[in-house]
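I have placed the structure first, in the form of structure tokens, so that the comments after it can refer back to it.
There are 2 protein chains.
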Amino acid sequence: MPNARDTRMNRLFHVPLSPFCRKVRLVLAEKKIEVELVEERYWERDADFLRRNPAGKVPVLRMDGRTFAESQAICEYLEETCPEPPLMPSDPRDRAEARRLVFWFDDKFHAEVTSKLLYERVNKKITGEGYPDSRNVKAGAQAIKFHLDYLGWLLDQRRWLAGDRMTLADFAAAAHLSALDYISDVDWNRNANVKDWYAKIKSRPAFRGILADQVPGFPPPAHYADLDF
Amino acid sequence: MPNARDTRMNRLFHVPLSPFCRKVRLVLAEKKIEVELVEERYWERDADFLRRNPAGKVPVLRMDGRTFAESQAICEYLEETCPEPPLMPSDPRDRAEARRLVFWFDDKFHAEVTSKLLYERVNKKITGEGYPDSRNVKAGAQAIKFHLDYLGWLLDQRRWLAGDRMTLADFAAAAHLSALDYISDVDWNRNANVKDWYAKIKSRPAFRGILADQVPGFPPPAHYADLDF
């Protein structure tokens, strides 16, 4: 019964540079959950894919006989069902801080930076939407400075973004920054705290898959996969 | 020591028609957590407010000696620390479905509908950004039909949006729809399931505060607070 087996296999529908997919891939790898990666051209709005997620977005995770959508819902599910190693603090107040920072990146950083740099430079070309709007690129390049400074300020007070331990907040931040680093849009010399933090997270085994990504037409710069960047 | 007492008081910084604030207000009221509501003109970027939440957004909750930001981080915190009555299912798979729908409304519905109708018609006037863009209003009026149909389809199979019990997903949906209903932008006759569901949630005591909201310059229509709408 190959079909019955197929439905039990863990499968993540993703695109390589999506920060939301990268966040989920990091969590899966950190928790050592094996998963088959399937690239999904979500913008073609394939009927099978829309049945899996009527929102038409990646990531979508097929696991435990169910289909999961929305990256943060997926991460919370993985944390609840595969608690080792923990990626959320144990104190509810610290959990709220970790979640605040996840949303900081997935909402604010995404709107002000990722969508203005990565989507303009890469997604528009891949999905056939045309050329980058230089006003957006300029605004994104300006906004990322403020965000790097904010990260640096947090890391003045904390070992990891949400406190003393690595959490989903670090993965959300690293997911966005790694995707932007793939197109050389992160100035790692702006803040030493941020560079040290990224060096720590980049050297984790869970990061290997992401550092091996190759997007046709967009070769990564040499420093992208270099642990000594 | 009036100051020491002040800092222990629960206080929610909000604006009345924000769906993100409404979601938190519904959760607080359902869990019978008393809170002082403080209207925050977040667009004026007051320095004290930016210290509380550098993202510059509402809602911000002051509670248990800490400051919490990001509506979903706040709701998860309230669920973890004040579990009665539960607003999340007990099965992790069902929790993932409830969270998926929260993000459906707070991300997709917000981008396609709330920001195109409520923000164009109301927020722009309040914050002095000018007149509504009629293309956005038209796109929002079109998009809400698809969302009401999707809600109706879910409610064909379930008593509440995420399953047999009322969850955060229902509050997220009701928060957006109630804010749009304040400006008469919801066609309750489009889908009988949706109207029945909204009648159920609207009649809960937790909804009373929201139905009593009055925004200067924008009187609500007569049906807004009417339980028999």
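Read top to bottom, the protein sequences are chains A and B.
Going by my numbering, the first sequence opens with residue 1, and the numbers climb by one from there.
Going by my numbering, the second sequence opens with residue 1001, and the numbers climb by one from there.
Don't be surprised by glycine CBs; every beta carbon is placed ideally from N, CA and C.
**OP:** Return the residues of the stretch 1058-1092 of chain B that lie within a Cβ-Cβ distance of less than 8 Å from chain A, sorted by chain order.
**Re:** D1064, R1066, F1068, A1069, E1070, Q1072, A1073, I1074, E1076, Y1077, E1080, T1081 and P1092
(Q) Let me see if you follow: with CB-CB separation under 8 Å, is B:Y1042 close to chain A or not? (A) no
* To do: Could you check the C-alpha separation between A:K138 and B:F1229 for me, to the nearest Å?
  => 49 Å
_Tell me which residues share the same chain as A:P219 and place their Cβ nearer than 8 Å to its Cβ, disregarding the 5 neighbours each side in the sequence._
none
Practice prompt. Return the residue from the list B:R1011, B:V1015 and B:E1044 that minimises the CA-CA distance to B:D1213.
Written response: B:V1015
Fill in: Where A:D185 falls, given that 16 or more other Cβ within 10 Å makes a residue buried
buried
So A:W188 contacts chain B; which residues on that side make the cut at Cβ distance below 9 Å? Per Cβ cutoff of 9 Å: no residues; A:W188 is ~22 Å from chain B at best.
Query - Proximity below 8 Å, CB of B:F1303 to CB of B:P1054 - result: The question about residue 1303 of chain B has no answer, for chain B in this structure spans 1001 to 1229.
message: Which residues does DSSP list as the beta-bridge partners of A:H14?
response: A:E39
Exercise for the section: Please work out which residues of its chain come closer than 7 Å, Cβ to Cβ, to B:N1003, disregarding the five sequence neighbours upstream and downstream, and give them in chain order. Expected result: Residue confidence for B:N1003 is low, a pLDDT of 39 falling below 50, so the modelled location carries little weight and cannot support an answer.
_Which residue marks the beginning of the beta strand (DSSP E) containing B:A1069, and which one marks its end?_
R1066 to A1069
_Quick check on the burial criterion: 16 or more other C-beta atoms within 10 angstroms. Buried or exposed for B:F1146?_
exposed
At least three beta-carbon pairs within less than 8 Å, the stretch 112-120 of chain A to the stretch 179-197 of chain A:
yes
Roughly how many angstroms separate the alpha carbons of A:P92 and B:R1062, rounded to a whole number? 15 Å
If you check the beta carbons only, do A:N10 and A:E34 fall under 8 Å apart?
-> yes
### Backbone secondary structure at A:L61 - three-state DSSP
strand
message = If the criterion is Cβ atoms closer than 8 Å, does the pair A:E70 and B:R1099 meet it?
response = yes
Rank A:D170, A:P86 and A:S18 by C-alpha distance to the C-alpha of A:A199 and give the top, closest one. A:D170
* Taking B:K1108 as the query, report the chain A residues whose CB atoms sit under 7 Å from its CB, ordered along the chain. => A55
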